[in-house]
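If you count the sequence shown from 1, you need to add 19 to reach this note's numbering.
Ideal Cβ placement from N, Cα and C applies to all residues, glycine included.
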Amino acid sequence: MSRRFAAVDLGASSGRVMLADLSGGLSLTEAHRFPNGPVRVAGRLHWDILGLYREILTGLRQAGPVSSIGVDSWAVDYALLDKSGAMLGNPVHYRDDRTHGVAERVAAEVGAETLYDVSGLQVLPFNTIYQLLADRLDGAATMLLIPDLIGYWLTGETGAEETNASTTGLLDVRTRSWAAPLIERLGLPAGIFPPLRRPGDELGGLRPDVAAELGWSAPVRAVGSHDTASAVAAVPARGPAFAYVSCGTWSLAGVELPGPVLTPESRAANFTNEAGIDGTVRYLRNVMGLWLLQECLRAWPGSDLGELLAAAAGERPFAAVVNPDEPVFLPPGDMPARIAAECRRTGQSPPSSPAAYVRCVLESLALGHRLAVRQAMELSGRDVEVVHLVGGGSRNELLCQFTADACGLPVVAGPAEATAIGNVLVQARAAGLVSGLEELRALVASSQPLRRYEPSGDRAGWDEAAARLF
Ligand code: LFR
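Structure below.
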């Protein structure tokens with residue numbers, strides 16, 4: 020059997036097909052990378068799902084024959100299929116505003132306590148539960164989350180992988196089965212929720228037409244299909260005393276636990292209990308993430324990120340900071356203008372240059388990481404000695420150092436491709452090449468370049484800046 024595995028990993032700003040070879044250690048190469056982003060059509064924000072599928076096929080062709088394929092992506096979004104299996108409409112982007120006010124309505128009807136007690140999920144306006152209630156479901160026979168949709172197009176098999184299903188708001192956090200009473204109470208059609216599958220389960224082989232197009236065939240395997248689940252699986256931690264920040268378009272900051280925390284304090288802090296690999300719980304909160312920086316760069320065509328980061332390092336510390344999680348930052352649009360307005364609203368002078376904006380964004384994000392990590396420790400009682408910062412954000416040295424300084428804890432940065440690594444290692448494990456989560460993490464630690472940042476700098480400055488925000 021070959022020891023090559025393909026990870027299809029779709030992020031909100033780019034997608035990639037990565038090829039891993041486990042013949043000796045773990046080596047990872049990029050077979051294909053492609054941009055991803057929202058497409059506004061007739062006032063609605065969509066994903067270009069067919070374009071993404073085409074790029075996935077291109078990537079798999081370039082990867083060549085493998086032992087198996089795994090697919091992960093961002094969470095919560097889905098396609099509806101009719102009873103013939105055809106897609107009804109184009110999947111809508113979670114940053115679309117059609118769910119405006121839905122979460123509040125559901126909380127008033129069902130009770131926020133009940134919702135949290137059933138699903139353990141943080142309230143984000145775009146959770147699948149709210150999207151489904153905002154959509155027209157007539158004619159819908161099946162709801163497939165994005166990785167499950169890609170898996171269906173590749174194999175013809177439908178199902179719902181549990182780590183991603185846990186972000187719908189409709190999965191029972193205790194039993195990890197669909198929350199039938201809640202689904203019924205909301206008047207959602209129970210039949211659209213397909214059977215659940217676990218990371219490592221085989222979906223099936225490639226459809227003959229797909230295999231013919233690629234010139235080879237391989238089984239598709241469920242992985243931690245929620246990208247964050249795959250990323251957390253690949254955190255190169257030794258022992259349980261760690262927090263993580265999975266940093267890309269979003270920063271997902273928290274700890275890994277053996278079971279959920281469903282206390283009133285946890286709900287009030289809007290912490291989520293998402294399903295991890297091997298029955299673990301990803302106890303975390305969403306921090307707005309590099310989206311703030313990406314949207315600033317979009318507003319400054321022609322700017323160079325490397326130059327801006329170098330200049331930001333020389334800007335005055337704590338000149339202005341914002342709470343990165345203000346809902347006003349969620350939709351696409353002019354980010355510098357929104358940051359400036361937020362600074363004014365909180366009595367601070369807005370940044371006066373792109374480099375000053377970048378400094379403001381990175382310090383604000385580090386403060387967001389600090390609050391989430393500290394609250395995760397406090398609410399769960401978990402001891403934390405080190406923060407693992409994984410994902411694309413781990414390449415951003417200034418952000419890594421700021422996170423160490425703000426948290427007052429060492430940060431171990433990397434791997435940048437944690438998500439793809441978690442994806443392939445779960446496949447390799449199903450093939451018998453790796454055993455438990457611990458061995459899997461040790462393999463990441465021994466094979467991937469990591470950098471360590473000690474907390475340094477101005478403790479009092481970070482405390483003062485945090486006090487300005489939260
Ligand atoms: C990260 C992520 C987060 C989820 C957000 C929206 O890519 O999957 O975990 O909250 O995207 O789906």
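Measuring from each Cβ to the nearest heavy atom of the ligand LFR, keep the ones under 7 angstroms and list them in chain order.
Listed by chain position, these are G30, A31, W93, A94, V95, D96, Y113, L143, F145, T186, H245, D246, T247, G267, T268, W269, L271 and N305.
Near P213, which residues of its chain fall below 8 angstroms by C-beta distance, leaving aside the five closest residues on each side in sequence?
On the sequence shown, residue 213 is found 194 positions in, with the first residue counted as 1. So the qualifying residues of the chain are T161, M162, L163, D167, T177, G178 and A179.
Report the start-end ranges of each beta strand (DSSP E) in the segment 199 to 262 that is 3 residues or longer and not cut off at the edges.
Within the segment 199 to 262, complete beta strand (DSSP E) segments of at least 3 residues are found at 221 to 224 and 238 to 240, given in chain order.
Can you say whether G352 is buried or exposed, counting buried as having 16 or more other CB atoms within 10 angstroms of its CB?
One-based indexing of the sequence shown puts residue 352 at position 333. So G352 counts as exposed.
What's the C-alpha gap between G366 and G108?
The count along the sequence shown starts at 1 and reaches residue 366 at position 347. The count along the sequence shown starts at 1 and reaches residue 108 at position 89. G366 and G108 have their C-alpha atoms roughly 45 angstroms apart.
Using the rule of at least 16 other Cβ atoms within 10 Å of the residue's Cβ for burial, across every protein chain shown, is G411 buried or exposed?
Here the question's residue 411 lines up with position 392 in the sequence shown. That one is buried.
Across which residues does DSSP place I358 in a beta bridge pair?
Here residue 358 refers to the residue found at position 339 of the sequence shown. Paired residue(s): none; I358 is not in a bridge.
How big is the Cα-Cα spacing for W269 and V306?
Within the sequence shown, the letter at position 250 stands for residue 269. Within the sequence shown, the letter at position 287 stands for residue 306. Rounded to the nearest angstrom, the two C-alpha atoms are 6 angstroms apart.
Backbone CA spacing between D136 and V192 [nearest angstrom]:
Translated into the one-based positions of the sequence shown, residue 136 becomes position 117. Translated into the one-based positions of the sequence shown, residue 192 becomes position 173. Cα to Cα, D136 sits roughly 8 angstroms from V192.
Alpha carbon to alpha carbon, what distance is there between E326 and L151?
The residue given as residue 151 occupies position 132 in the sequence shown. The residue given as residue 326 occupies position 307 in the sequence shown. The straight-line gap from Cα to Cα measures roughly 43 angstroms.
Drop a sphere of 10 angstroms on the beta-carbon of A260, count the other beta-carbons inside from all chains shown, and report buried for 16 or more, exposed for fewer.
Against the sequence shown, residue 260 aligns to sequence position 241. A residue is called buried when at least 16 other Cβ atoms come within 10 angstroms of its Cβ; A260 does not meet this threshold and is exposed.
Going by alpha carbons, who is nearest to I474 out of A423, L222, T182 and R59?
The residue you call residue 474 lines up with position 455 of the sequence shown. Ile is not the amino acid found at residue 474; the sequence shown has Pro there. For P474, the closest alpha carbon among the candidates A423, L222, T182 and R59 is that of A423.
Could you give the distance in angstroms between the alpha-carbon of L494 and the alpha-carbon of R63?
Outside the shown range of the chain, which is 20 to 489, sits residue 494, and nothing can be said about it.
So, is E284 buried or exposed, given that buried needs 16 or more other C-beta atoms within 10 angstroms?
Your numbering for residue 284 matches position 265 in the sequence shown. Classification of E284: exposed, given that the 10 Å Cβ count is below 16.
Is there contact here, the segment 94 to 107 with the segment 144 to 158, by at least three beta-carbon pairs under 8 angstroms?
Counting Cβ pairs under 8 angstroms, three or more are found: they touch.
Using beta-carbon positions only, say whether D40 and G34 come within less than 8 angstroms of one another.
Counting from one through the sequence shown, the residue named residue 40 turns up at place 21. Counting from one through the sequence shown, the residue named residue 34 turns up at place 15. In this structure, G34 does not lie closer than 8 angstroms to D40 by Cβ.
Outcome for Q446 when other beta-carbon atoms lying within 10 angstroms are tallied against a minimum of 16:
Stepping through the sequence shown from its first residue, residue 446 is reached at position 427. Buried: at least 16 other Cβ atoms inside 10 Å.
Using a threshold of 8 angstroms, state whether the C-beta atoms of R301 and A464 are closer than that.
Here residue 301 is taken as the residue at index 282 of the sequence shown, counted from 1. Here residue 464 is taken as the residue at index 445 of the sequence shown, counted from 1. Against a cut-off of 8 angstroms, the Cβ pair of A464 and R301 comes out as no contact.
Looking at C-beta atoms only, is the number of pairs between the segment 338 to 356 and the segment 214 to 227 that lie closer than 8 angstroms three or more?
The answer is no - the segment 214 to 227 does not touch the segment 338 to 356, with fewer than three Cβ pairs under 8 angstroms.
Rank Q394, P343, C315 and A395 by C-alpha distance to the C-alpha of S372 and give the top, closest one.
Residue numbering aside, residue 372 sits at position 353 when the sequence shown is read from its first letter. Checked all of Q394, P343, C315 and A395; the closest Cα to S372 is C315.
Is E180 helix, strand or coil when you go by DSSP?
The sequence position of residue 180 within the sequence shown is 161, counting from 1. When DSSP states are grouped into helix, strand and coil, E180 belongs to the strand group.
Same chain only: Cβ atoms within 7 angstroms of A484, ignoring 5 sequence neighbours per side:
Position 465 of the sequence shown holds residue 484. The beta carbon of A484 sits closer than 7 angstroms to the beta carbons of F337, V340, E382 and L386 from its chain, once the five residues preceding and following it are set aside; these are given in chain order.
Whether G170 touches V239 by CB criterion (8 angstroms):
Reading the sequence shown from its first residue, position 151 is the one you call residue 170. Reading the sequence shown from its first residue, position 220 is the one you call residue 239. It is a contact, given that the beta carbons lie within the stated cut-off.
Beta strand (DSSP E) containing S270: first to last residue?
Locating residue 270 in the sequence shown gives position 251, where the first residue counts as 1. Start and end: S270 to L276.
CB S87 to CB A437, shorter than 8 angstroms?
Counting from 1 along the sequence shown, the entry for residue 87 is found at position 68. Counting from 1 along the sequence shown, the entry for residue 437 is found at position 418. Contact: no.
So, helix, strand or coil for D424, using DSSP?
By one-based count along the sequence shown, residue 424 stands at place 405. In the structure shown, the three-state DSSP call for D424 is helix.
Roughly how many whole angstroms lie between the Cα atoms of L452 and P468?
Against the sequence shown, residue 452 aligns to sequence position 433. Against the sequence shown, residue 468 aligns to sequence position 449. When rounded, the separation of the alpha-carbon atoms in L452 and P468 is 22 angstroms.
Per DSSP, which one or two residues make a beta bridge with H65?
Locating residue 65 in the sequence shown gives position 46, counting from the first residue. H65 is bridged to V58 and V111.
How many angstroms separate the CA atom of L349 from the CA atom of V58?
Position 330 of the sequence shown holds residue 349. Position 39 of the sequence shown holds residue 58. Answer to the nearest angstrom: the Cα atoms are 16 angstroms apart.
Taking the alpha-carbon of S265 as reference, which of L303, G206, I211 and C426 has the nearest alpha-carbon?
Sequence index remark: in the sequence shown, residue 265 carries index 246 (1-based). The residue with the shortest Cα to Cα distance from S265 is L303.
Considering only DSSP beta bridges, list what D40 is partnered with.
In the sequence shown, counting from the first residue as 1, residue 40 sits at position 21. D40 is bridged by DSSP to R23 and S46.
Would you tell me roughly how many angstroms separate the C-alpha atoms of P277 and P110, rounded to the nearest one?
Taking the sequence shown and counting its residues from 1, the one referred to as residue 277 is at position 258. Taking the sequence shown and counting its residues from 1, the one referred to as residue 110 is at position 91. Cα to Cα, the separation comes out at about 33 angstroms.
Chain D within 8 angstroms of E361, Cβ atoms only:
Going by chain labels, chain D is absent from the structure shown, which holds only one protein chain.
Is the separation between the beta-carbon of A50 and that of A439 shorter than 8 angstroms?
Here residue 50 corresponds to residue number 31 of the sequence shown, with the count starting at 1. Here residue 439 corresponds to residue number 420 of the sequence shown, with the count starting at 1. No, the Cβ-Cβ distance between A50 and A439 is not below 8 angstroms.
Roughly how many whole angstroms lie between the Cα atoms of A199 and A209?
Your numbering for residue 199 matches position 180 in the sequence shown. Your numbering for residue 209 matches position 190 in the sequence shown. Rounded to whole angstroms, A199 and A209 show a C-alpha spacing of 7 angstroms.
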